[in-house]
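In our numbering, the protein residues as written are 2 to 562. These notes are about the structure you will find just below.
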RNA sequence: GGCCUGUUAGUCAAGCGGUCAAGACGUCGCCCUCUCACGGCGAAGACAGGAGUUCGAUUCUCCUACGGGUCACCA
């Protein structure tokens, strides 16, 4: 077979050679150990938790080594592409603190723009580049065309195919048949090709598999160590009939030309690593380092772990936004999952920016983890407890603007009050941890607002007359200028006067000697003022509410009894 | 089904031939305390199973079981 002729027939329009292309993308001028990493999603609509997870790894490794982190849009499957998805992806990642140095960015007009010298960063615009390498492979007898008819092509349907693959029965005969078909495809003549071309028949390009499935190749993965995988023995498609390559070929060409040093991707790619290695070798490219990250899982109906799929709760970053998790908290959670020593580091460095942490590949786990919302909640409480009242205010306001207009308006109507509320128990060594999500803020502080206040808890086990008497005494004696000690001394006096024990130790020694304790008296006041049995420090609460409101609430509660 | 990969408490995880097998979340108990929250102390809870190598296996090897992944003109 005259491969040079075949190459010309197939790609008459391609005049460049790989050498020409290489010249346009010289090696990057970076420090010795700088890592170049990338995130290469297909723009199918939303950011997956697993995507954020990988993105954090790539961002950390690149930036911590003085390297480059870029974004490449893998839009080679036009059927699945969703308009505006790339913008959303970039802004969502930015929301979580992930920023790219290069590649797709959001331009000043709000549309996608591109930055950097190693583009195009959108695969659908790289057709000419792929074709140069594809032609070269054909010329060297390493790739060959397979023709189909237009009708056949049109009947191809992605979701049908997916269903077919899933339900397929894998028997030995089937494997045998596949092999035979592959071998048959390799047999063709130049004349046949010419006829097809003349006829306008579409074709795909397949690589000639160099391996033997019975033999193993040693592969190295930075997370998993040395692996033995079967050699590639399948003639994979490297150019679809639309002239755009599927993932494999695009990965090899792009990551080589873009100077990627570390390929970080999900473990679902592990199985195709030998193919990729073969491609790099055919193309004469230096292989990048590979890191196949563990999957984030969720529990299915049978209690089994499953790869977190699109529909699962917690798969989309939108879920976290809606639920009210602060981006910092989600990032913090992911970091603890990603690097097993992160949590320890964080407890020693509670106030350091996460970028101070030395992220290491060694500390990454190679088995999939279940997303643990309880843990996330705990981490989130810690994160929020370290924020200033001002930060809480803006976080809560931002979330409420989207999901609770009424509360957002209340927050905005009196910022000073909101800040005072959020300052309770904040700052200092042991801050309160009352909420872990923005959505939990309103239920916690609602009683501060007249519009939301209502008596939620009931006092049980006490004589109404006693309750009324205590409340009347408190209302009659309340002075907003008292300090906390004086304030509480007054409550003790009221307790004693009404037959309640003012001292808890005394009371515990002999509860039957009293109607109750000062704790009970406090609870009367607490329910009257906050509507609840539990609340943050009452003295402070009253200060924020103001005397008029406090007395008013006590009186109306008294009357309701 | 073939191949790959993984398996330490409910969850996430240290460990890398000799440990009473860390720690965190969750659960429970106690303390602090006017309630709550915080904080402190403590408890229960794990090396999937079986062979082998070894003086000694959670750690190395093999087998079994069970998860997960993959086998598309999807990425």
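Yeah, the Cβ is synthetic: ideal placement off N, Cα and C, and Gly gets one too. Keep in mind that this is a model prediction, so the values were computed, not measured.
#### Entry: Enclosing alpha helix (DSSP H) for residue 254 [first to last residue]
From DSSP, the alpha helix (DSSP H) with residue 254 extends over 248-258.
### Message
I'd like to know whether the C-beta atoms of residue 492 and residue 523 end up nearer to each other than 8 angstroms.
### Response
Remark: C-beta atoms of residue 492 and residue 523 approach each other more closely than 8 angstroms.
### Task
Look at the alpha carbon of residue 382 and the alpha carbon of residue 161, and state the distance between them as a whole number of angstroms.
One C-alpha to the other measures close to 45 angstroms.
### Task
Kindly indicate which residue of 373, 401, 168, 142 has the alpha-carbon position closest to the one of residue 612.
No statement about residue 612 is possible, as the shown extent of the chain runs from 2 to 562 and does not include it.
### Query
If we call anything under 8 angstroms between Cβ atoms a contact, is residue 537 one with residue 433?
Cβ atoms of residue 537 and residue 433: closer than 8 angstroms.
### Task
Kindly indicate which three-state DSSP category residue 285 falls into: helix, strand or coil?
Three-state DSSP puts residue 285 in coil, outside helix and strand.
### Query
Should residue 440 and residue 400 be called a contact, given that it needs their Cβ atoms to be closer than 8 angstroms?
Their beta carbons are under 8 angstroms apart, which means residue 440 touches residue 400 by this criterion.
### Task
Ignore the nearest five residues each way along the sequence and tell me which others in residue 549's own chain have a CB closer than 6 angstroms to its CB.
None.
#### Entry: Pair within 8 angstroms by beta-carbon distance, residue 335 and residue 292
Cβ atoms of residue 335 and residue 292: not closer than 8 angstroms.
### Task
Count the C-beta pairs between the stretch 23-35 and the stretch 327-341 that are closer than 8 angstroms, then say yes if the count reaches three, no if not.
The answer is no - the stretch 327-341 does not touch the stretch 23-35, with fewer than three Cβ pairs under 8 angstroms.
### Query
What number of angstroms, rounded off, separates the C-alpha of residue 146 from the C-alpha of residue 60?
When rounded, the distance between both Cα atoms is 39 angstroms.
### Query
Which residues does DSSP pair with residue 517 in a beta bridge?
In the DSSP output, where bridge partners are listed per residue, residue 517 has 501.
#### Entry: Chain-order list of residues whose beta-carbon lies under 8 angstroms from that of residue 352 (same chain, five-residue window excluded)
Only residues of its own chain outside the window of five on either side were considered, and among them 387 have a CB closer than 8 angstroms to the CB of residue 352, listed in chain order.
### Closest residue to residue 65 among 127, 96, 356, 349 (Cα-Cα distance)
Among 127, 96, 356, 349, the Cα nearest to that of residue 65 is on 356.
### Task
Could you tell me if residue 443 is buried or exposed, where buried requires 16 or more neighbouring beta carbons within 10 angstroms of its beta carbon?
Its Cβ being crowded by 16 or more others within 10 Å, residue 443 is buried.
### Secondary structure, beta strand (DSSP E): runs of 3+ residues fully inside the stretch 86-124
Residue ranges of uninterrupted beta strand (DSSP E) with 3 or more members, entirely inside the stretch 86-124 and ordered along the chain, are 103-107, 113-116.
### Query
residue 208 bridges to which residues according to DSSP?
Bridge partners of residue 208: 144.
### Query
At what residue ranges does the stretch 144-172 contain a whole run of the alpha helix (DSSP H), taking only runs of 4 or more?
With a minimum length of 4 residues, the continuous alpha helix (DSSP H) runs that stay inside the stretch 144-172 are 151-156, 159-168.
### Query
Using the rule of at least 16 other Cβ atoms within 10 Å of the residue's Cβ for burial, across every protein chain shown, is residue 76 buried or exposed?
It is buried - the Cβ of residue 76 has at least 16 other Cβ atoms within 10 Å.
### Message
For residue 197, which residues in the same chain have their Cβ closer than 6 angstroms to its Cβ, ignoring the five residues on either side in sequence?
### Response
Cβ neighbours of residue 197 beyond the five flanking positions: 148.
### Task
State the DSSP-derived secondary structure class of residue 388, mapped to helix, strand or coil.
In the structure shown, residue 388 sits in coil (DSSP, three-state: anything other than H, G, I, E or B).
### Query
How is residue 291 classed by DSSP in three states: helix, strand or coil?
DSSP places residue 291 in the strand class (E or B) of the three-state scheme.
### Query
Between which two residues does the beta strand (DSSP E) carrying residue 539 extend?
Under the DSSP assignment, residue 539 falls outside any beta strand (DSSP E), being part of the alpha helix (DSSP H) whose first and last residues are 539-546.
### Task
Might you give, ordered along the chain, the residues of its own chain that have their beta carbon closer than 7 angstroms to the beta carbon of residue 134, omitting 5 neighbours on each side?
In its chain, beyond the 5 residues on either side, 19, 254, 284 have a beta carbon closer than 7 angstroms to the beta carbon of residue 134.
### Query
What did DSSP end up calling residue 230 once you bin it into helix, strand or coil?
Three-state result, residue 230: strand.
#### Entry: CB contact flag (residue 552, residue 473, <8 angstroms)
Not a contact, by the Cβ cut-off of 8 angstroms.
### Query
Would DSSP call residue 442 helix, strand or coil?
Annotated three-state conformation of residue 442 is helix, per DSSP.
### Query
Start and end of the beta strand (DSSP E) containing residue 222?
Element bounds for residue 222: 217-222.
### Message
Give me the DSSP bridge partner(s) of residue 299.
### Response
Residue 299 is bridged to 307.
### Message
Please tell me whether residue 154 and residue 203 are closer than 8 angstroms, where the distance is taken between their beta carbons.
### Response
In contact: residue 154 and residue 203 (Cβ atoms closer than 8 angstroms).
#### Entry: Boundaries (first-last residue) of the alpha helix (DSSP H) holding residue 238
Per DSSP, residue 238 belongs to no alpha helix (DSSP H); it is in the beta strand (DSSP E), 238-240.
### Query
Is residue 515 near residue 525, with beta carbons less than 8 angstroms apart?
Not closer than 8 angstroms, so no.
#### Entry: Residue range of the beta strand (DSSP E) that includes residue 265
Counting along the chain, the beta strand (DSSP E) containing residue 265 begins and ends at 263-267.
### Query
Exposed or buried, residue 517, counting other C-beta atoms within 10 Å across all chains shown (16 or more means buried)?
Classification of residue 517: buried, given that the 10 Å Cβ count is 16 or more.
### Task
Please determine, among 11, 341, 540, 424, the residue with the shortest C-alpha to C-alpha distance to residue 361.
With distances taken between Cα atoms, residue 361 lies closest to 341.
### Query
Would you say residue 8 and residue 140 are within 8 angstroms of each other, going by their C-beta atoms?
Taking the C-beta atoms as reference points, residue 140 is found nearer than 8 angstroms to residue 8.
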